[in-house]
Amino acid sequence: MATQAAPAQESADASRKEESGAANLTDGNDRGVLILDEQGRICAYELAAVTLFGNTEGQLLGRRISELVVGILVDGDSPDDDAKRLRRLCAANEWRQYEGLDWYGRPIAVAIHLSNMVVDDREVFILDFQGKTQ
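Just so we're aligned, residue 32 is where the sequence shown starts under my numbering, counting upward by one.
Written out as structure tokens, the structure is:
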């Protein structure tokens with residue numbers, strides 16, 4: 032019985048560590064979700080993304096995530112390479128700290144966590160973020 036509880040406890044401990052690590056990265060003032068397509072373009076978002084990255088609601092759709100989060104994708108890579116990079120970030124299953132840029136080019140401390148799923152036969156990437164203007 033103790034051997035069955037140990038993996039569950041380890042998983043819970045890892046989850047708490049991941050959550051506390053994300054909170055330590057940015058102190059999480061703004062939290063939200065962006066949905067990306069395989070090329071890293073924003074296809075949906077929560078209002079919190081507008082608060083952190085945008086100026087008005089229409090400005091985020093269709094933008095590449097690399098315009099908002101510095102270093103997440105390599106400019107010039109092919110769309111297939113972008114999708115592979117996003118999948119690798121999903122597989123890592125961890126929060127990562129990046130420098131982001133708001134609509135005016137001001138720096139933002141941002142932590143992201145990526146996961147993926149298939150919707151209507153298309154792979155999409157769910158980018159959870161925490162951030163604040165520096």
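Beta carbons are placed, not taken as given, at the ideal position from N, Cα and C, and that holds for glycine.
Pick from 66, 137, 138 and 71: whose alpha carbon is nearest that of residue 111?
Nearest option by C-alpha distance: 71.
Write down the C-beta distance between residue 118 and residue 147 rounded to the nearest angstrom, noting that I regard them as a contact closer than 8 Å.
Confirmed, Cβ separation roughly 7 Å.
Less than 7 Å between C-beta atoms, sequence neighbours within five positions excluded: which residues of the same chain meet that for residue 103?
Only 96, 97 and 129 meet the Cβ criterion.
Cα separation between residue 78 and residue 153?
Cα-Cα distance, rounded: 24 Å.
Please name the residue or residues paired with residue 161 in a DSSP beta bridge.
Paired residue(s): 62 and 142.
Under the three-state reduction of DSSP, which class applies to residue 93: helix, strand or coil?
Three-state result, residue 93: coil.
Could you have a look at residue 16 and say whether DSSP puts it in helix, strand or coil?
Within the shown structure, residues of the chain are numbered from 32 to 165, placing residue 16 beyond reach of any answer.
Buried or exposed: where does residue 68 fall if 16 or more other Cβ atoms within 10 Å of its Cβ makes it buried?
The residue in question, residue 68, is buried, as its Cβ has 16 or more Cβ neighbours within 10 Å.
Measuring only the C-alpha atoms, how far is residue 122 from residue 66?
Going from the Cα of residue 122 to the Cα of residue 66 covers about 17 Å.
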